[in-house]
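**Student:**
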Amino acid sequence: MAIMAIPAFLQGSTDLNVSGPNIIASFEIFGITIRFTETIVLEWIVMAVILGLCVFLTRNLKVNGVSKRQVIAEMAVEAITNLVRDTMGKSWLGFTPYIATIFCFSIFGSLLSLTGLRAVTSDFSVLATWAAITFILITATKIRFGGVGGYLKGFLDPIPVMLPINILSEVATPVAMALRHFGNIAGGSIIMGLVYFGLTGLSHLVKLQIPILTIGIPAVLSLYFDLFSDFMQAFIFIMLTMVFISNAAPPEDETQTA
Numbered sequence: 000m001a002i003m004a005i006p007a008f009l010q011g012s013t014d015l016n017v018s019g020p021n022i023i024a025s026f027e028i029f030g031i032t033i034r035f036t037e038t039i040v041l042e043w044i045v046m047a048v049i050l051g052l053c054v055f056l057t058r059n060l061k062v063n064g065v066s067k068r069q070v071i072a073e074m075a076v077e078a079i080t081n082l083v084r085d086t087m088g089k090s091w092l093g094f095t096p097y098i099a100t101i102f103c104f105s106i107f108g109s110l111l112s113l114t115g116l117r118a119v120t121s122d123f124s125v126l127a128t129w130a131a132i133t134f135i136l137i138t139a140t141k142i143r144f145g146g147v148g149g150y151l152k153g154f155l156d157p158i159p160v161m162l163p164i165n166i167l168s169e170v171a172t173p174v175a176m177a178l179r180h181f182g183n184i185a186g187g188s189i190i191m192g193l194v195y196f197g198l199t200g201l202s203h204l205v206k207l208q209i210p211i212l213t214i215g216i217p218a219v220l221s222l223y224f225d226l227f228s229d230f231m232q233a234f235i236f237i238m239l240t241m242v243f244i245s246n247a248a249p250p251e252d253e254t255q256t257a
């Protein structure tokens with residue numbers, strides 16, 4: 000789901016179009032249709048930006064006489080490490096790279112909208128994939144501490160009649176995580192699209208050849224929908240990820256390893 004209408008507004012269109020990612024190419028493998036969408040291209044752009052930023056900040060690291068770049072890099076690493084330690088505990092620091100990756104990818108993927116490109120996080124398949132990975136990590140943690148038998152037995156707690164509800168609750172976890180992030184980003188895109196649509200229509204109403212009313216006002220609203228909201232959704236997603244994974248371990252193990 001994405002707003003593709005803003006470029007049309009600048010061309011004088013009066014249509015508001017809401018559509019999914021454009022399909023660049025498609026091919027079949029063993030009868031299965033594989034679609035290469037613009038989201039895939041944008042994801043590679045985001046990965047290239049993040050990789051380039053990491054290389055830039057960590058180049059020529061020193062022990063003494065550190066550069067401003069190195070200071071920023073160390074502050075970022077220390078901040079995410081402390082967040083994981085405070086939320087999950089010392090024994091869970093191995094999850095720091097995963098948490099940092101999701102956080103950075105979510106922010107940069109959402110901020111693509113500021114450049115006129117489509118936000119990666121406005122594609123539900125992206126958020127569903129992240130949530131699925133988190134779900135696998137949650138399940139793996141439960142099996143690690145309780146074994147396969149303990150994991151399956153957990154669906155019968157506190158009484159066997161709770162089996163359907165426990166299964167539904169288990170499946171609902173990744174779905175809710177993906178929908179929460181997607182809904183806020185896509186909703187913000189739709190609202191901004193409606194703002195552009197309304198201001199463009201108002202410009203035409205007052206006989207302006209160029210929709211100059213779309214300059215300024217959307218930028219103010221963008222501070223919330225494209226900056227504050229993007230950072231908040233990325234932070235909420237990683238917090239839920241850390242809480243769900245760490246809570247998958249028994250309380251006594253959490254106490255011993257914290």
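In numbering that gives the first Met the number 0, the protein residues as written are 0 to 257.
All C-beta atoms in this analysis are idealised placements derived from N, C-alpha and C, irrespective of residue type, glycine included.
Small disclaimer: the values here were computed from a predicted structure and weren't measured.
Around the C-beta of Ser121, are 16 or more other C-beta atoms found within 10 angstroms, so that it is buried, or is it exposed?
**Tutor:** Burial call: buried.
**Student:** Once the 5 residues before and after Val48 are set aside, which same chain residues still bring their CB inside 7 angstroms of it?
**Tutor:** Excluding residues within five positions, the ones whose Cβ falls inside 7 angstroms are Phe107.
**Student:** Would you call Trp91 buried or exposed, if buried means 16 or more other Cβ atoms sit within 10 Å of its Cβ?
**Tutor:** Per the 10 Å Cβ criterion, buried.
**Student:** Rounding to the nearest angstrom, what Cα-Cα distance links Leu56 and Tyr150 in this structure?
**Tutor:** Spanning the two alpha carbons is a distance of roughly 43 angstroms.
**Student:** Could you give the DSSP three-state label for Phe26: helix, strand or coil?
**Tutor:** DSSP places Phe26 in strand when its eight states are reduced to three.
**Student:** With 16 other CB atoms within 10 Å as the buried threshold, where does Asp225 fall?
**Tutor:** Buried, because 16 or more other Cβ atoms sit within 10 Å of the Cβ of Asp225.
**Student:** Considering only the beta carbon of each residue, do Ser105 and Ala233 sit closer than 7 angstroms?
**Tutor:** Result yes, Cβ atoms of Ser105 and Ala233 sit closer than 7 angstroms.
**Student:** By how many angstroms is the C-alpha of Arg179 removed from the C-alpha of Glu37?
**Tutor:** Cα-Cα distance, rounded: 22 angstroms.
**Student:** My output table needs one value for Met241: the three-state DSSP class, helix, strand or coil.
**Tutor:** Helix at Met241.
**Student:** For Thr32, list the residues DSSP reports as bridge partners.
**Tutor:** Answer is Glu27.
**Student:** DSSP three-state label for Lys61, please.
**Tutor:** Note: Lys61 maps to coil in three-state DSSP.
**Student:** Assign Asp156 to one of two classes, buried (16 or more other C-beta atoms within 10 Å of its C-beta) or exposed (fewer than that).
**Tutor:** Result: exposed.
**Student:** Please classify Ser228: does DSSP put it in a helix, a strand, or coil?
**Tutor:** Helix at Ser228.
**Student:** Am I right that Thr86 and Val242 are in contact with their C-beta atoms under 8 angstroms? What's the rounded C-beta distance?
**Tutor:** Contact flag correct, Cβ pair sits at about 7 angstroms.
**Student:** Using the beta-carbon count (16 or more within 10 Å), is Gly148 buried or exposed?
**Tutor:** That one is exposed.
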